[in-house]
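Engineer: Residue numbers (full-length UniProt numbering): 1 to 122. C-beta atoms are modelled at their ideal positions from N, C-alpha and C, and glycine is treated no differently. Model, not experiment: these values are computed from the prediction. Here it is, the structure, as structure tokens.
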Amino acid sequence: MTSVLVVDDDPTVLEIVETVLRSGGLEVATFCSGRDGLRAAHEHVPDLAVLDVTMPDMTGLEVCRALRGDAETADIPIILLTGRGQWLDVASGFDAGADDYLVKPFTAQDLLTRVEALTAPL
1 MTSVLVVDDD PTVLEIVETV LRSGGLEVAT FCSGRDGLRA AHEHVPDLAV
51 LDVTMPDMTG LEVCRALRGD AETADIPIIL LTGRGQWLDV ASGFDAGADD
101 YLVKPFTAQD LLTRVEALTA PL
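So this is what it looks like as structure tokens:
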């Protein structure tokens, strides 16, 4: 079963994303801080990570860079899920190493399609 790490400091968004991903048959681990999510990724390397960009302790961009900078987690596909949709925000996300960038609000189908695209076997 595909495992997904979800990190968002908004409990409502965390619950929605978890529900959507579980409905798609995915195993989900949720965390409400960047540091906790990063620690969890090193304890059990997920098949994919969904990161909020704006978090108080460690931004999603910082988590993304940290994951990319470690050989153990460098290849995890990463989706940034955020309310920040200006072109500079999107460019910053890809510069940090994200594989995809999804702006809130999002549809359940859009999230599942993007997760599937990044976790499907080649």
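Could you tell me the boundaries of the beta strand (DSSP E) in which glutamate 27 lies?
Structural biologist: Counted from its first residue, the sequence shown places residue 27 at position 27. It spans 27-31 - the beta strand (DSSP E) in which glutamate 27 sits, taken as one unbroken run.
Engineer: So what does leucine 51 bridge to, in DSSP terms?
Structural biologist: Counted from its first residue, the sequence shown places residue 51 at position 51. According to DSSP, which records beta bridges pairwise, leucine 51 is partnered with Val7, Leu80.
Engineer: What first and last residue would you give for the beta strand (DSSP E) that runs through valine 103?
Structural biologist: As a working mapping, residue 103 is identified with position 103 in the sequence shown. 100-103 is the span of the beta strand (DSSP E), which, as asked, contains valine 103.
Engineer: Helix, strand or coil: which one does DSSP assign to phenylalanine 94?
Structural biologist: Position 94 of the sequence shown, counted from the start, is the residue given in the question as residue 94. Three-state result, phenylalanine 94: helix.
Engineer: Can you tell me where the alpha helix (DSSP H) holding glutamine 109 begins and where it ends?
Structural biologist: Residue numbering aside, residue 109 sits at position 109 when the sequence shown is read from its first letter. Note, glutamine 109: alpha helix (DSSP H), 108-119.
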